[in-house]
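Single-structure report; data block below.
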Amino acid sequence: MRLFFLLCFIAGTLFAQDDHLIEFEIKDQFDRLHTHHELQDSVAILIGSGRPGSKYNMQWGNQLGRRLEENGLFEKVIFVAHADLRGVPGFLKGFVTSKFPQDKQKWTLMDWDGVLAQAYQYNPKTSNILVFNRNGVLVEHMTGLEPTNTDIDTLYQIIKPLAEKQPH
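According to the working numbering, the sequence shown is numbered sequentially starting from 242.
See the structure below:
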């Protein structure tokens, strides 16, 4: 019986999702280093996936961004695009990188080691939308394919009070 509880504890620890913004240092497709420090004291929205879910990420970002902008909240949050690239062989890194936007304003975290995806248990086949409050607490992890109006409404209702709250 003790062995069963020990195994359950170990499994729970191994598969537990982090509930705070983890420390990270990840480069974008332009080889610029980004860290968790850039998101401190901000309402941060990370949108990412593995390759199968990547075709939906832009839809989530555009629809949620439009909704926030319509309500004067877009400038009060930080959007971060994230690519879980841990399965990509090293010799394909240049090719994969070339498939990302070449506009330096549209950078994406190129997570070759899957640091964020593992910490937050990404579903690689869907978009993963992570919402962090100003204290770095994960308040929402939504997954999905094409976003519905209900999905965007749900995220907006979560983000609105966080964005409206004045920083310390």
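Glycine is no exception: its CB is placed at the ideal position from the N, C-alpha and C atoms. These figures come from a predicted structure and were not determined experimentally.
* Helix, strand or coil: how does DSSP classify K268 here? -> strand
* Asked: Just the Cα atoms here: how many angstroms apart are D344 and S283?
  -> In a straight line, the C-alpha of D344 is about 24 Å away from that of S283.
* Inter-residue spacing [alpha-carbon to alpha-carbon] between T384 and L305 -> The alpha-carbon separation between T384 and L305 amounts to approximately 14 Å.
* **Pair within 8 Å by beta-carbon distance, C372 and I286** => One detail in the question is off: residue 372 reads as Val in this sequence, not Cys. Closer than 8 Å, so yes.
* In whole angstroms, what separates the C-alpha of N364 from that of T349? -> 18 Å
* Asked: Between the C-alpha atoms of I319 and G302, what's the straight-line distance to the nearest angstrom?
  -> When only Cα atoms are considered, I319 and G302 end up about 11 Å apart.
* To do: Could you spell out where the beta strand (DSSP E) holding F320 opens and where it closes?
  => Its beta strand (DSSP E) spans residues 318 to 325.
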